[in-house]
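The structure appears right after this line, and notes come after that.
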Amino acid sequence: MEKLRYALFTGCTAKQSTPEQMMSTMAVADKLGIELVELTEASCCGASHLQDYDDFLSLVLNARNIAYAEKHGLTMVTICNTCQLNTAMTKHRLDNDEKLKAKVNEKLAEVGLEYKGTSLVTHFLYAIIDDFGLDKLKEMVVTPLSQFNIAPFYGCHNIRPSELQNETHNSKENPYNPSSLDDLIIACGGATVDYEEKNKCCGFHVELQAPHTAAVLTGNAIAGAMDGNADWMVTPCPLCHLKLDTQTAHASEAIGREVELPVLHMQQMVGLALGCSPAELGLKHHLSKVDFV
Amino acid sequence: MSTQHKITTQKVNFKVFRFNADKDYLPYYENYDMEVTSEEVVLDILNRIKWDHDGSFSYRRSCRHGICGACAIKVNGRSTLACKESMNDMVDLFGSELVIEPLSKKRAVKDMIIDKADFWEKHDAVTPYLVADIDENPESENLISPEDADTLDEADLCIQCGACHYACPAVEINEDFFGPAAFASAYRFSADIRDNSVSRLKDVNEEKQGVWDCVKCFECAEACPKEINPIGKITKLHQMAFQEGIAKNNVAVRHAVGFKKSIAKNGVLDEGGLVLYSEGPAIVKHLPVAFRMFTKGKIVPPWGITKSQNLDEIQKLVKSSSTAKF
Ligand code: SF4
Ligand code: SF4
Ligand code: SF4
Ligand code: SF4
Ligand code: FES
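Top line first, the protein sequences correspond to chains A and B. Per this note's numbering, residue 1 is the first one in the first sequence, and the count goes up by one each step. Per this note's numbering, residue 1001 is the first one in the second sequence, and the count goes up by one each step.
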């Protein structure tokens, strides 16, 4: 197989509050022989909030990010659900509306760029599943995670709206019964935990504006995983990770029950199975205790 | 020429929610094994349960054409219009064990029938009609141009089925929250050029019940059988608040605006700066967690942030492409 190459849109979180996600992404890509060309020119995607204020500006900025991936002639890979949704939504709108695309390109031309629509945008989770292949991953596992019950937490912005999401990868995902992350857990040798909240929202985006709603959602998610007998949770989204890992005090208070579990990024899980060291995977950067390695 | 049309059948196990609020202390599930043909819709199954198995089984339906909105229920947790949803698609999606439930179990009155009072109260609360000076003896209809009709973005196709409302997690947790259907209605009328309401947009921007408490989960977009995309309308209501100059200076509004400020400065987001700008002095409540995060190397100070390369491009675009003011 030819070496897989992608343009990596890191997003802001991986560079700030989840450094362990950045480290483990690079460690895993290295093990798998995937080359990630970091888009250092990229701006923030607006995290689904900027468009509430200024839709056009959000489109222009996201189109600019994609334009840089196009310059490399590479598929853009994201490592954050919300980055994925914002970027894919921008691409969808521009690819289906010539007028809007022309308006956006008029602005990009001011800085010598053009959005063409030639690069795909996909989440690293699906790049691993679709392009690398889980069978091949399975063969490379050196430390099967067979003693663990692992609860997948999908995160809204990778599975909904499904019509848009399913444009960005080959393996169809059913938003009411998603399977990609379960498949990844199984490929790493782990046992998956089935629980009601696995495809629900963690509340991250309203943590400041609706703290009670946000805390209840977080609490329910962790409680569901605990009741399913999970040893830990795993997520493809650094925002879900932040919410589930750092907000356990509020969550416990909101649902009247102590909840806490280790929450790993999917890259950390894959890294463990591939034999990366805890240090390479940044396991010390978690608030909830990661005491099983 | 007649097209080849092959009807297939298969065995499906239905686990059906049963409850009679007048008699039962708790709901229970009844099992029905049935041969299902590829031609059938979910409503056919409900009918067969009633006609062939248990005459007391209750559900709502009227039009059988996806117009009245009465028949919305959940199949394996997925909101659906029973009269429109093909059994084939359900089996494709979930396999041969299907769980049939009302839209909201806690509001169940009898089997699939729920008390939708909260839905209608919230619908009422958003002034769901045109507010306009109407000539009581008009010479002609009060028409709008096709372009102006387009701005409604099909919000007028809502059939009030409630599928989105009872899929919304914010509605379940915060009982004041208006919910996606009410917001779609609010958008439908506020976007209409004939409308002069001043209160509606203010009402939907109120804290706790309003648009800013939407958690952005897209459950409503997924659930809507009419593809109305309620969260898309919520986004537009946010934007209208800025356009009409009624966006309040509160934490939610500053949070949205804060992204632009941060991007203009660094290209990337300054996470700590955003929280500080959004919360103001109230940031103190986040300090205990922030301190723990800091000790784990999860907080980058403003001076440690790696700015985007070619930041000048981003800054130029922020200047030239901005369309909103706060
Ligand atoms: S979604 Fe978050 S991580 Fe992704 S670019 Fe936007 S702010 Fe950064
Ligand atoms: S699960 Fe959490 S982080 Fe993911 S989209 Fe929903 S709120 Fe955002
Ligand atoms: S996106 Fe908002 S309105 Fe829609 S279901 Fe989620 S919280 Fe409710
Ligand atoms: S927006 Fe869609 S799901 Fe919600 S009530 Fe209207 S038709 Fe039903
Ligand atoms: S019976 Fe009227 S919408 Fe289904």
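Each residue gets a CB set at the ideal place from its N, CA and C atoms; glycine is no exception. Note that the structure is predicted; figures quoted are calculated from it, not measured.
Short Cβ contact (8 Å threshold) for residue i with residue j
i: A:Leu281; j: A:Gln268; result: yes
i: B:His1238; j: B:Ala1256; result: yes
i: B:Ile1067; j: B:Ile1159; result: yes
i: A:Ala273; j: A:Thr143; result: yes
i: B:Ile1100; j: B:Val1041; result: no
i: B:Tyr1293; j: A:Thr246; result: Looking at the sequence itself, residue 1293 of chain B is Met, so the reference to Tyr does not match. Yes, the pair counts as a contact, with Cβ atoms nearer than the cut-off.
i: A:Leu294; j: A:Leu57; result: There is simply no residue 294 of chain A to check, as chain A begins at 1 and stops at 293 in what is shown.
i: A:Glu79; j: A:Phe124; result: According to the sequence shown, residue 79 of chain A is Ile rather than Glu. Yes, the Cβ-Cβ distance between A:Ile79 and A:Phe124 is below 8 Å.
i: A:Tyr154; j: B:Arg1078; result: no
i: A:Val234; j: A:Ile150; result: yes
i: B:Ser1096; j: B:Asn1013; result: yes
i: B:Ala1155; j: B:Lys1233; result: yes
i: B:Ser1062; j: B:Ala1072; result: no
i: A:Ile255; j: A:Asn229; result: no
i: B:Glu1236; j: A:Ser48; result: A small fix is needed here, since residue 1236 of chain B is Lys in this sequence, not Glu. Taking 8 Å as the Cβ cut-off, B:Lys1236 and A:Ser48 do not qualify as a contacting pair.
i: A:Ala187; j: A:Lys138; result: yes
i: A:Ala63; j: A:Leu85; result: no
i: A:His285; j: B:Lys1298; result: yes
i: A:Gly271; j: A:Ala14; result: no
i: B:Ala1324; j: A:Tyr126; result: no
i: B:Ala1170; j: B:Ala1125; result: no
i: A:Cys156; j: B:Phe1218; result: yes
i: B:Tyr1059; j: B:Ile1113; result: yes
i: A:Asp183; j: A:Leu134; result: yes
Cβ of residue i within 8 Å of any chain A Cβ
i: B:Met1001; result: Bear in mind that a pLDDT of 44 at B:Met1001, under 50, signals an unreliable position, so the number given afterwards is only what the model happens to contain. Judged by the 8 Å Cβ criterion, B:Met1001 is not in contact with chain A.
i: B:Ser1320; result: yes
i: B:Trp1212; result: yes
i: B:Phe1294; result: no
i: B:Gln1243; result: no
i: B:Val1204; result: no
i: B:Phe1259; result: yes
i: B:Lys1216; result: yes
i: B:Glu1219; result: yes
i: B:Asn1088; result: no
i: B:Arg1078; result: yes
i: B:Asn1249; result: no
i: B:Glu959; result: Here chain B comprises residues numbered 1001 to 1326, so residue 959 of chain B is not present and cannot be evaluated.
i: B:Val1016; result: no
i: B:Leu1317; result: yes
Anticipated Cβ contact below 8 Å, residue i with residue j, distance rounded
i: B:Leu1098; j: B:Met1090; result: 6 Å
i: A:Met89; j: A:Ala7; result: With 8 Å as the limit, A:Met89 and A:Ala7 do not qualify as a contact, their Cβ atoms being about 18 Å apart.
i: B:Leu1317; j: A:Lys107; result: 6 Å
i: B:Leu1026; j: A:Cys12; result: About 48 Å; that fails the 8 Å criterion.
i: B:Ile1283; j: B:Leu1276; result: 5 Å
i: A:Ser43; j: B:Ser1308; result: 5 Å
i: B:Glu1279; j: B:Val1251; result: 6 Å
i: B:Tyr1032; j: B:His1053; result: 6 Å
Below-8 Å beta-carbon distance, residue i vs any chain B residue
i: A:Leu61; result: yes
i: A:Gln267; result: no
i: A:Glu139; result: no
i: A:Ser119; result: no
i: A:Cys15; result: Residue identity check: residue 15 of chain A is Lys in the sequence provided, not Cys. Cβ-Cβ to chain B under 8 Å: yes for A:Lys15.
i: A:Cys83; result: no
i: A:Tyr195; result: no
i: A:His49; result: yes
i: A:Phe56; result: yes
i: A:Arg257; result: no
i: A:Lys107; result: yes
i: A:Ala279; result: no
Quiz item: Is it a yes or a no for the region 154 to 169 of chain A touching the region 1207 to 1227 of chain B, going by three-plus beta-carbon pairs under 8 Å?
Solution: yes
Quiz item: Are there three or more Cβ pairs, one per stretch, closer than 8 Å when the region 1119 to 1139 of chain B is compared with the region 1179 to 1190 of chain B?
Solution: yes
Quiz item: Using 8 Å as the threshold, is the region 186 to 199 of chain A in touch with the region 214 to 234 of chain A, meaning 3 or more CB pairs across them?
Solution: yes
Quiz prompt | Entirely enclosed alpha helix (DSSP H) segments - the region 14 to 69 of chain A, minimum 4 residues | solution = 19 to 32, 50 to 53
Practice problem: State whether the region 198 to 217 of chain A contacts the region 1203 to 1215 of chain B, with contact taken as three or more CB pairs (one from each stretch) at a distance under 8 Å. | Solution: yes
Quiz item: Using 8 Å as the threshold, is the region 1161 to 1171 of chain B in touch with the region 1215 to 1225 of chain B, meaning 3 or more CB pairs across them?
Solution: yes
Quiz item: Are the region 1240 to 1247 of chain B and the region 234 to 253 of chain A in contact at 8 Å, needing three or more beta carbon pairs?
Solution: no
Quiz item: Counting only runs that start and end within the region 128 to 182 of chain A, where is the alpha helix (DSSP H) found for 4 or more residues in a row?
Solution: 134 to 140, 156 to 159, 162 to 165
Quiz prompt | Segments of 4+ residues assigned as alpha helix (DSSP H) that fall wholly inside the region 255 to 284 of chain A | solution = 266 to 273
Quiz prompt | Residue ranges of each alpha helix (DSSP H) within the region 1064 to 1143 of chain B, 4 or longer | solution = 1087 to 1094, 1117 to 1125
Practice problem: Collect the residues with a C-beta less than 7 Å away from any heavy atom of ligand 6 and give them in sequence order along the chain. | Solution: As for ligand 6, it is missing from this structure, which binds only ligand 1, ligand 2, ligand 3, ligand 4 and ligand 5.
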